[in-house]
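So the protein lines, in turn, are chains A and B.
Just so we're aligned: the first sequence equals residues 0 to 246 in numbering that gives the first Met the number 0.
Just so we're aligned: the second sequence equals residues 0 to 241 in numbering that gives the first Met the number 0.
Glycine included, every Cβ here is placed at the ideal spot set by N, Cα and C.
Have a look at the structure below, then the notes.
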Amino acid sequence: MTTFGVRLLSFLGLIVIWELASTLIASPRIFPGPIVVATLFAVEFQHGGLPHHLAITMARVLASFCIAMSFGTVIGLSMGRYKLVDALFDGWLIFFLNLPALVVIVLAYVWFGLSESAAIGAVAINKIPSVIATVREGTRAIDRNLTEMAHVYRLGWRRTLTKVVMPQLIPYLLVSTRTGLSLIWKIVLVVEMLGRSDGIGFQIHTYFQLFDVGRILAYSIAFIVVVQGIEWGLLIPIENHLNRWRR
Amino acid sequence: MSDVVVDIKSKIFNAENGHTLPVIRDVRFQVKSGQFVCLFGPSGTGKTTMLNLIAGIGGDFDGRIDILGSPTVGYVFQEPRLLPWLTVRQNIALVVADHPDLAADVDELLRAVGLTEFADTYPERLSLGMARRVAIARAFVVKPDILLLDEPFVSLDAENAMRLRKLLGDLWTSRPTTTLFVTHDMRDAVELADRILFFSPRPARLERDVTIALPRPRNNVDDSIEKLARELERNSALPNQD
């Protein structure tokens, strides 16, 4: 059997277990099956606000992700490269790594008001430390032999960065991207629930108060489908392209 | 091309455990412009360290290295040090990316080292001998004022080593440049060099300075290379006379 066949079968298996669990064990009101959820999804997609809220949440995820990746990469690079910077900020890194997401979000809203920038900033601050830790690790693993080669042949800092350093960091950046997207989207929902009036988090909160489990599942699954699409349509092709030189 | 004056009073390595290890002590020599000089000695004597100091990647040391102007260096490291994510051609072209006048030479050098058909191959798919040839092409493409080679034939089988030695000899004849070549193979030294510097075991000191007067090209028609190599090897095995 092909790998694709195995994946398809495993996916169908999950659907079947879900349907059985919903009808045999729980009541459909508390735990609706896949058919009910799919119908609700279609209704929300056509007549409800699903596309709007999905787009809003995606935009927030994307904004926080870009901010977190760029700050995290720059800081992680300098901490991995310069011992002094590492000594200066290592303690801070541990502090922020262990600061609960909820605390950051609440404080951001208290200090900066219930605004869009407070929301996105709070999410980014939650992700930046883990990007720093990963990129710092990658920077420490950089091959000194190649850096020396770049120095002898006078490649200059720009070419050294793009042709020598960054390619060695790509595996670390890809790990950061994957874990980042999933972490960020979870935090974005909390941010939306606590202080925004749109987005999937806000909708889930609303349907929680209405006790509408079907719609809660429909909204969650919509986002999971989008992230899966990003994985297959974007991340895997990029990864394959960047790894084409490997044996 | 430039004269190179090397005057290293001492070079010390700081080991992890806080100990210090003297690698080079009082080494003084001068290389004339266009000369091919071999640095010969047992492994671990700091010959690579000398090349690194000349290339500017050897760190702190006591002494000085004078090279006229700001020389372009071509360095063939012991491991090829190619960028695995760039093709053979991209690896060579990268070091002349700022010099469009030299970029035209990339394909010519690929032909000279016999790798034209591998130009678009990634280094991980090459054998060690082929990767070394890429590294040699990369060192020549910058039109170096000084060419540094660190045991470029080591861990190749005899036939590949011989082919690479001949290739290097031919390239050097057609593109002569001041060259420092580290080896512990006497035959390599005699076949390629104008002059051989013999170094002691660590900490490296200069023991003998021998000029090789054999005519070029030094092809294998008679056994004069072999004979001289054997003779020099016997002498270098003798205890130090001074």
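Requested in this report: Let me know if Glu116/B comes out buried or exposed under the rule of 16 or more other beta-carbons within 10 Å of its beta-carbon.
Outcome: The sequence position of residue 116/B within the second sequence is 117, counting from 1. Classification for Glu116/B: exposed.
Query - Contact list for Pro166/A against chain B, beta-carbon separation under 9 Å - result: Here residue 166/A is taken as the residue at index 167 of the first sequence, counted from 1. Within chain B, the residues near Pro166/A are Leu82, Pro83, Trp84 and Leu85.
Query raised in the report: Measuring CA to CA, which of Lys31/B, Cys37/B and Asp2/B is closest to Phe180/B?
Result: Locating residue 180/B in the second sequence gives position 181, where the first residue counts as 1. Comparing Cα positions, the closest option is Cys37/B.
Query raised in the report: So is Val36/A buried or exposed if we call it buried at 16+ other beta carbons inside 10 Å?
Result: Position 37 of the first sequence, counted from the start, is the residue given in the question as residue 36/A. When all chains shown are included, Val36/A counts as buried.
Query - Minimum C-alpha distance to Leu81/B - residue among Gly113/B, Arg207/B, Leu125/B and Ala203/B - result: The count along the second sequence starts at 1 and reaches residue 81/B at position 82. The shortest Cα separation from Leu81/B among Gly113/B, Arg207/B, Leu125/B and Ala203/B belongs to Leu125/B.
Query raised in the report: Going straight from the alpha carbon of Ser69/B to that of Asp184/B, what length do you get?
Result: Here residue 69/B is taken as the residue at index 70 of the second sequence, counted from 1. Here residue 184/B is taken as the residue at index 185 of the second sequence, counted from 1. Using only the alpha carbons, I get a separation of about 31 Å.
Query raised in the report: Where do the N-terminal and C-terminal ends of the alpha helix (DSSP H) with Gln202/A fall, by residue?
Result: Walking along the first sequence from the start, residue 202/A turns up at place 203. That run of the alpha helix (DSSP H) goes Ile199 to Gln208.
Query raised in the report: Per DSSP, what kind of secondary structure is Ser129/A in: helix, strand or coil?
Result: Taking the first sequence and counting its residues from 1, one reaches residue 129/A at position 130. Helix.
Query raised in the report: Okay, do the stretch 105–125 of chain A and the stretch 173–188 of chain A touch, 3+ Cβ pairs below 8 Å being the bar?
Result: yes
Report task. Please report the residue range of the beta strand (DSSP E) in which Asp187/B lies. Result -> As a first step, residue 187/B is located in the second sequence; it is residue number 188 there, counting from the start. Asp187/B -> not in any beta strand (DSSP E); alpha helix (DSSP H) instead, spanning Met185 to Leu191.
Requested in this report: Return yes when the Cβ of Val151/A is within less than 7 Å of the Cβ of Tyr121/B, no when it is not.
Outcome: Position 122 of the second sequence, counting from 1, holds the residue named residue 121/B. Position 152 of the first sequence, counting from 1, holds the residue named residue 151/A. Against a cut-off of 7 Å, the Cβ pair of Val151/A and Tyr121/B comes out as no contact.
**Report entry** Three-state class that DSSP yields for Asp65/B in the structure shown
**Finding:** Here residue 65/B refers to the residue found at position 66 when the second sequence is read from its first residue. Correct three-state label for Asp65/B: strand.
Query raised in the report: In terms of residue numbering, what span does the beta strand (DSSP E) encompassing Tyr218/A cover?
Result: By one-based count along the first sequence, residue 218/A stands at place 219. Unbroken run through Tyr218/A is the alpha helix (DSSP H), Val212 to Ile229; no beta strand (DSSP E).
Requested in this report: Flag Thr177/B as yes when its Cβ comes closer than 6 Å to any non-hydrogen atom of the ligand COA, and as no otherwise.
Outcome: Among the components of this structure there are no ligands whatsoever, and the ligand COA is therefore not found.
Query - 3 or more residues per run - each beta strand (DSSP E) lying fully within the stretch 132–205 of chain B - result: Those beta strand (DSSP E) runs which fall completely within the stretch 132–205 of chain B and span 3+ residues are 145–149, 177–182 and 194–198.
Query raised in the report: Can you give the Cα-Cα distance for Leu233/A and Ala103/B, rounded to whole angstroms?
Result: Locating residue 233/A in the first sequence gives position 234, counting from the first residue. Locating residue 103/B in the second sequence gives position 104, counting from the first residue. When only Cα atoms are considered, Leu233/A and Ala103/B end up about 37 Å apart.
Query raised in the report: Taking the DSSP output, what are the residues bridged to Val109/A?
Result: As a first step, residue 109/A must be located in the first sequence, where it is residue number 110. None, per the DSSP bridge assignment.
Query raised in the report: Can you list, in chain order, the stretches of the beta strand (DSSP E) that have 3 or more residues and sit fully within the stretch 122–200 of chain A?
Result: none
Requested in this report: State the Cα-Cα distance for the pair Ile14/A and Leu85/B, rounded to the nearest angstrom.
Outcome: For this step, residue 14/A is matched to residue 15 along the first sequence. For this step, residue 85/B is matched to residue 86 along the second sequence. Taking the straight line from one Cα to the other gives about 45 Å.
Query - Cα-Cα separation, Trp156/A to Val164/A - result: Here the question's residue 156/A lines up with position 157 in the first sequence. Here the question's residue 164/A lines up with position 165 in the first sequence. The C-alpha of Val164/A is placed about 10 Å away from the C-alpha of Trp156/A.
Query raised in the report: So what does DSSP say about Val72/B, is it helix, strand or coil?
Result: Position 73 of the second sequence, counted from the first residue, corresponds to residue 72/B. Reduced to three states, the DSSP call for Val72/B is strand.
Query - Start and end residues, alpha helix (DSSP H) containing Asn13/B - result: Sequence index remark: in the second sequence, residue 13/B carries index 14 (1-based). It is not in any alpha helix (DSSP H) - Asn13/B instead sits in the beta strand (DSSP E) that spans Val3 to Asn13.
Requested in this report: Within its chain, find whatever has a CB closer than 6 Å to the CB of Ala217/A; leave out the 5 residues flanking it on each side and keep chain order.
Outcome: Numbered from its first residue, the first sequence carries residue 217/A at position 218. Exclusion of the five residues before and after Ala217/A leaves Val36, Leu39, Phe40 and Glu43 as the residues of its chain whose Cβ lies within less than 6 Å of its Cβ.
**Report entry** Best match in Pro83/B, Asn16/B, Ile211/B and Asp106/B for proximity to Pro166/A [C-alpha to C-alpha]
**Finding:** Sequence index remark: in the first sequence, residue 166/A carries index 167 (1-based). Ranking Pro83/B, Asn16/B, Ile211/B and Asp106/B by Cα distance to Pro166/A puts Pro83/B first.
Report task. Answer with yes or no whether the minimum CB distance from Met0/B to chain A is below 7 Å. Result -> As a working note, residue 0/B is residue 1 in the second sequence. Unreliable positioning characterises Met0/B in this predicted model, as indicated by a pLDDT of 49, which lies under 50. The coordinate reading is nonetheless provided below. False, the Cβ-Cβ gap to chain A never drops below 7 Å.
Query - Spatial neighbours of Arg131/B in its chain, beta-carbon cut-off 7 Å, leaving aside the 5 residues before and after - result: The count along the second sequence starts at 1 and reaches residue 131/B at position 132. Excluding positions up to five away in sequence, the list reads Pro79, Pro151 and Leu163.
**Report entry** Three or more C-beta pairs below 8 Å linking the stretch 142–158 of chain B and the stretch 5–15 of chain B
**Finding:** no
Report task. Note down the Cα distance separating Leu154/A from Leu93/B, rounded to an integer number of angstroms. Result -> Within the first sequence, numbered from 1, the residue matching residue 154/A stands at position 155. Within the second sequence, numbered from 1, the residue matching residue 93/B stands at position 94. About 8 Å.
**Report entry** C-alpha distance - Leu101/B paired with Ile91/B, whole-angstrom precision
**Finding:** Reading the second sequence from its first residue, position 102 is the one you call residue 101/B. Reading the second sequence from its first residue, position 92 is the one you call residue 91/B. Straight-line Cα distance between these residues: approximately 11 Å.
Query raised in the report: In chain order, what residues of the stretch 88–114 of chain B put their CB closer than 7 Å to some CB of chain A?
Result: For the stretch 88–114 of chain B, the beta-carbon criterion of a distance under 7 Å to any beta-carbon of chain A is satisfied by Leu93, Val94 and Ala96.
Report task. Show which residues of chain B have a CB atom less than 9 Å away from the CB atom of Asn144/A. Result -> Reading the first sequence from its first residue, position 145 is the one you call residue 144/A. Those within 9 Å of Asn144/A in chain B are Phe76, Glu78 and Arg80.
Query - Met148/A at chain B interface by Cβ criterion, 7 Å - result: The sequence position of residue 148/A within the first sequence is 149, counting from 1. At least one chain B Cβ lies under 7 Å of Met148/A.
Query raised in the report: How far does the beta strand (DSSP E) with Phe28/B in it reach, from first residue to last?
Result: By one-based count along the second sequence, residue 28/B stands at place 29. Its beta strand (DSSP E) spans residues Thr19 to Val30.
Query raised in the report: DSSP puts Thr269/A in a beta bridge; with which residues?
Result: The structure shown has nothing for residue 269/A, since chain A only spans 0 to 246.
Query raised in the report: Which term fits Asn239/A, buried or exposed, when burial requires 16 or more other beta carbons within 10 angstroms of its beta carbon?
Result: Mapped onto the first sequence, residue 239/A falls at position 240. With fewer than 16 other Cβ atoms from the protein chains shown falling within 10 Å of its own Cβ, Asn239/A counts as exposed.
Requested in this report: Give a yes or no on whether the minimum CB-CB distance between Ala54/B and chain A is below 7 Å.
Outcome: Position 55 of the second sequence, counted from the start, is the residue given in the question as residue 54/B. Chain A, which has a Cβ nearer than 7 Å to the Cβ of Ala54/B, makes this yes.
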